[in-house]
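The structure under discussion appears below in the form of C-alpha cells.
In the UniProt record's numbering, the protein residues as written are 1 to 138.
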C-alpha cells in the first residue's frame, strides 16, 4: 500500500508579503506598506509595516497572520507579541512589523527604508486600508 505524501503549498516572498497585508486588514490593521528591499538589503526580500490601535489589536493581527499562513510554513520567530507595542514576525523572506501608531512614528521604519520600492497594493486592499484608518479617527 502506498501512502500519498501531501505537498505543502508554497508562496513566493511577494505573495507572502501581500497576504500578510491582506490578513492584517482583516483585523483592522491600517497604514499598510509592503516594501521590496531586495535591492538594498539581504535581511529579507520584503518588509510589511502595519499599524494598530492597541496591544490587543496588534496581538490579534499577529495571531491571525500566523494561523492563516501556517499551511504555507511556520513563522521562524516572533518578538514583542506579549507586549503588543511592536511585534516582529520573521518568515525569513518576509519581515512583518506590527506597530502601535506612536511606536511606528518613534522608530520610523518607513523613513529608514525610504529607498525601498513600495509594492502597490490592490485597489480593494487600498480602499479597505483607508476605511480601517478612518474607523479609528474621531
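Backbone N, C-alpha and C define an ideal beta-carbon position, used for all residues, glycine too.
Fair warning: this is a prediction, and the values are worked out from it, not measured in the lab.
Unbroken alpha helix (DSSP H) run spanning residue i, endpoints
{"i": "residue 79", "result": "Run containing residue 79: none in the alpha helix (DSSP H); it sits in the beta strand (DSSP E), 77-79."}
{"i": "residue 130", "result": "123-135"}
{"i": "residue 68", "result": "55-69"}
Residue interval of the beta strand (DSSP E) (run including residue i)
{"i": "residue 50", "result": "46-52"}
{"i": "residue 14", "result": "Note, residue 14: premise wrong, no beta strand (DSSP E); alpha helix (DSSP H) at 13-26."}
Residues bridged to residue i [DSSP beta-bridge criterion]
{"i": "residue 34", "result": "48"}
{"i": "residue 117", "result": "36"}
For residue j and residue i, believed in contact at Cβ under 8 Å, the rounded distance
{"i": "residue 121", "j": "residue 21", "result": "6 Å"}
{"i": "residue 61", "j": "residue 27", "result": "5 Å"}
{"i": "residue 90", "j": "residue 103", "result": "In fact, because the Cβ distance is near 18 Å, the residues do not count as touching under 8 Å."}
Under 8 Å between C-beta atoms of residue i and residue j
{"i": "residue 145", "j": "residue 29", "result": "What the structure shows of the chain is the stretch from 1 to 138, and residue 145 is not part of that stretch, so it cannot be assessed."}
{"i": "residue 35", "j": "residue 119", "result": "yes"}
{"i": "residue 37", "j": "residue 86", "result": "no"}
{"i": "residue 16", "j": "residue 110", "result": "no"}
{"i": "residue 72", "j": "residue 12", "result": "no"}
{"i": "residue 50", "j": "residue 100", "result": "no"}
{"i": "residue 40", "j": "residue 115", "result": "yes"}
{"i": "residue 95", "j": "residue 47", "result": "yes"}
Could you tell me which uninterrupted alpha helix (DSSP H) segments, each at least 4 residues in length, are contained entirely in the stretch 84-109, listed from first to last along the chain?
101-107
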